[in-house]
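Comments concern the structure below.
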Ligand code: PEP
Ligand code: MN
């Protein structure tokens with residue numbers, strides 16, 4: 156039964172209720188929801204619910220109609236988020252788990268771990284105890300395999316999961332793994348479920364070969380009743396009369412299960428189909444159906460695999476699948492889960508150098524463009540003059556560096572007073588759930604004509620710059636140097652280093668003064684922009700875990716949100732009315748196409764906050780009038 160507590164229940168009252176329930180042999184689970192606190196009490200109930208209803212602090216008592224209780228959505232409305240190491244499963248994330256069917260050797264698991272991590276997997280799988288149909292088939296390397304799996308997981312910064320087949324191995328396995336896997340053949344091995352449940356560790360519970368959804372959830376209940384609330388369900392195909400595939404993938408189980416339980420459910424397209432070329436389409440189908448992730452078998456030499464070779468993807472096929480899943484994520488309102496990478500000692504490329512900074516927790520800030528760009532100026536304005544920077548080729552690269560922890564912050568442009576919104580960064584912001592806006596900075600754009608030392612104004616026949624730079628200096632170019640050709644370039648600072656490298660005395664670039672200084676170039680003319688009121692606004696971005704540090708010294712007075720509204724008259728009006736009702740002044744509103752949903756749009760809005768928590772009161776109402784509402788960050792405005 157579910158005991159809903161009164162909002163003003165005291166701790167003493169709560170303890171009393173719990174002890175009465177315990178005395179009656181019930182297992183109690185306290186769940187704090189957004190609105191209510193409830194106690195789930197399960198077990199053989201000898202108590203009259205009315206007796207509990209009369210206790211101080213109890214608002215009401217509701218029976219749980221389903222045979223599974225702790226796993227039921229009736230007991231807990233909100234999605235459970237399961238934490239496996241630094242990876243979180245559930246909610247609006249899609250988690251990619253991959254690895255070989257079985258750990259075959261240290262070299263094999265190391266190679267595959269490196270490949271799947273590079274492709275975007277965040278959890279490593281690999282069987283050490285294999286429940287094979289034939290006693291003559293490879294049974295796994297046992298504890299030795301666990302050691303290799305752990306080593307590979309640690310080397311590439313991935314938590315690991317592996318199948319447990321015997322209750323007697325449970326304690327030993329705890330030392331090596333982050334999540335137990337209960338295989339399809341053992342879904343109803345109740346002694347095993349009890350032993351694994353008692354550890355309190357995360358468990359990946361595969362659906363049995365011929366299990367109904369209810370039986371599957373009852374197996375989850377066994378785990379939960381014995382002590383773990385960290386259960387991830389996994390649909391891996393069921394036995395039907397169909398022989399064309401190894402099993403029949405029950406895609407509809409995903410949304411069905413999501414209605415019945417708060418536990419996350421993922422899919423295993425490898426065992427469901429048994430054939431390599433069916434894995435990607437069915438993997439995508441599972442994500443489209445709402446799965447919180449995929450577990451996929453990947454092998455570096457599938458043709459030589461000790462088990463399940465025909466269904467194992469080559470690493471490059473897995474990489475393609477991850478990219479396709481990532482593209483599909485926004486369609487189902489989710490994002491691909493990613494966590495910081497750690498680079499093993501023996502890799503010494505440039506990205507390793509970047510990542511070392513993260514490991515030593517040094518302050519490094521990413522920006523887009525070359526050294527000396529306006530964006531670098533923005534970085535130095537927010538942090539100190541000699542902060543270490545990471546120049547990135549694209550906005551996407553800057554987001555990636557931040558997301559994987561190579562840098563602590565990124566400073567990226569969001570809007571220019573003449574050029575308008577930099578829409579790419581709005582789109583990227585909505586795609587990285589772990590990245591949030593923490594600050595804002597404004598930089599005045601002063602353009603200069605920059606040339607090689609010794610060059611004279613009269614020598615200049617070609618002017619390179621970003622198209623915006625050229626457009627913003629149009630009057631100067633037409634008035635002072637009508638004979639010169641304006642040539643568009645990738646970015647302003649890049650144009651300066653290009654002119655320098657060319658050594659061409661007849662070429663110049665339009666860029667900011669720092670780009671001239673950085674490249675030891677000569678400024679021929681200063682402040683050549685037509686409109687001096689030319690400003691670019693930048694957002695300071697951080698990963699969620701670093702956000703509070705920044706915000707504590709820069710108290711937010713703005714918030715940015717994204718949302719969609721229904722395709723009906725007045726739906727945007729209704730959403731904006733909520734802002735009015737809560738006295739939230741809107742500073743900007745932009746509509747953007749939704750990737751993967753032609754002719755559908757999301758809105759990006761920036762709101763003025765009278766106090767840092769001014770948005771809190773409006774969120775519930777806003778949620779009711781919108782879909783996919785996301786708070787993209789809180790920050791102190793720069794103007
Ligand atoms: C496995 O994951 O390698 C496995 C044996 O899966 P299942 O239990 O789903 O058959
Ligand atoms: Mn397998």
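Numbering (our numbering), first residue to last: 156 to 794. C-beta atoms are modelled at their ideal positions from N, C-alpha and C, and glycine is treated no differently. As the structure is a prediction and not an experimental result, all values here were calculated from the model.
Annotation for residue 340 indicates a beta carbon within 8 Å of some heavy atom of ligand 1. Secondary structure note for residue 184: it is in no alpha helix (DSSP H), and the uninterrupted beta strand (DSSP E) holding it is 182-187.
Apart from sequence neighbours up to five positions away, the residues of its chain that approach residue 655 with a beta-carbon distance below 7 Å are 607, 674 and 676, ordered along the chain. Scanning its chain for C-beta atoms nearer than 8 Å, with the 5 sequence neighbours on each side dropped, one finds around residue 343 the residues 363, 366, 370 and 374, in chain order.
Taking every protein chain shown into account, the CB of residue 423 has 16 or more other CB atoms within 10 angstroms, so this residue is buried. Beta-bridge partners assigned by DSSP to residue 714: 762 and 789. Contact annotation: the stretch 534-545 does not touch the stretch 578-589, with fewer than three C-beta pairs closer than 8 Å.
Take residue 331, set aside five residues on each side of it, and the residues of its chain with a beta-carbon closer than 6 Å to its own are 301 and 305, in chain order. In this structure, residue 685 lies away from residue 571, with their beta-carbon atoms at least 9 Å apart.
Using a cutoff of 8 Å, the CB of residue 438 does not count as near ligand 2, since none of the ligand's heavy atoms is closer than that. Taking 8 Å as the upper bound for CB-CB distance, residue 338 and residue 381 are not in contact here, some 18 Å apart. Taking one beta carbon from each stretch, the stretch 221-238 and the stretch 429-441 have fewer than 3 pairs nearer than 8 Å; the two do not touch. Pairing residue 703 with residue 243, the inter-Cα distance amounts to about 20 Å. The DSSP-derived three-state label of residue 599 is strand. Closest by C-alpha distance to residue 319, out of 708, 259 and 356, is 356. Here residue 454 is not near residue 278, since their CB atoms are 9 Å or more apart. Taking C-beta atoms under 8 Å as the contact rule, residue 560 and residue 698 qualify, at a distance of about 7 Å. The beta carbons of residue 183 and residue 173 sit closer together than 9 Å.
Rounded to whole angstroms, the Cβ separation of residue 671 and residue 695 is 25 Å, and the two are not in contact under 8 Å. Sequence-distant Cβ neighbours of residue 208 in its own chain, meaning closer than 7 Å and more than five residues away, are 215 and 216. Residue 648 and residue 785 have their C-alpha atoms roughly 34 Å apart. DSSP lists 620 as the bridge partner or partners of residue 643. Contiguous beta strand (DSSP E) elements confined to the stretch 520-604 occur at 543-547, 564-571 and 590-599, taking only those with 3 or more residues. Of the heavy atoms belonging to ligand 1, none sits nearer than 8 Å to the Cβ of residue 406. By the Cβ neighbour-count rule, residue 744 is exposed, with fewer than 16 other Cβ atoms within 10 Å of its own. Nearest neighbour of residue 525 by Cα position, chosen from 517, 548 and 764, turns out to be 548.
Between residue 597 and residue 793 a beta carbon distance of about 4 Å is seen, short of the 8 Å cut, so the two are scored as contacting.
Here residue 177 is exposed, its C-beta having fewer than 16 other C-beta atoms within 10 Å. Listed as beta-bridge partners of residue 252 by DSSP are 278 and 450. DSSP places residue 204 outside any beta strand (DSSP E); the residue lies instead in the alpha helix (DSSP H), whose first and last residues are 204-208. In this structure, ligand 1 has a non-hydrogen atom nearer than 8 Å to the beta-carbon of residue 450. With contacts defined by Cβ atoms closer than 9 Å, residue 530 and residue 693 form a contacting pair. Residue 682 is positioned such that its CB atom lies closer than 9 Å to that of residue 602. Going by DSSP, residue 673 is part of the alpha helix (DSSP H) stretching over 668-673. For residue 733, the enclosing alpha helix (DSSP H) begins and ends at 726-736. Listed in chain order, the non-local C-beta contacts of residue 403 below 8 Å within the same chain comprise 392, 393, 394, 395, 397 and 427, local neighbours out to five positions each way being set aside.
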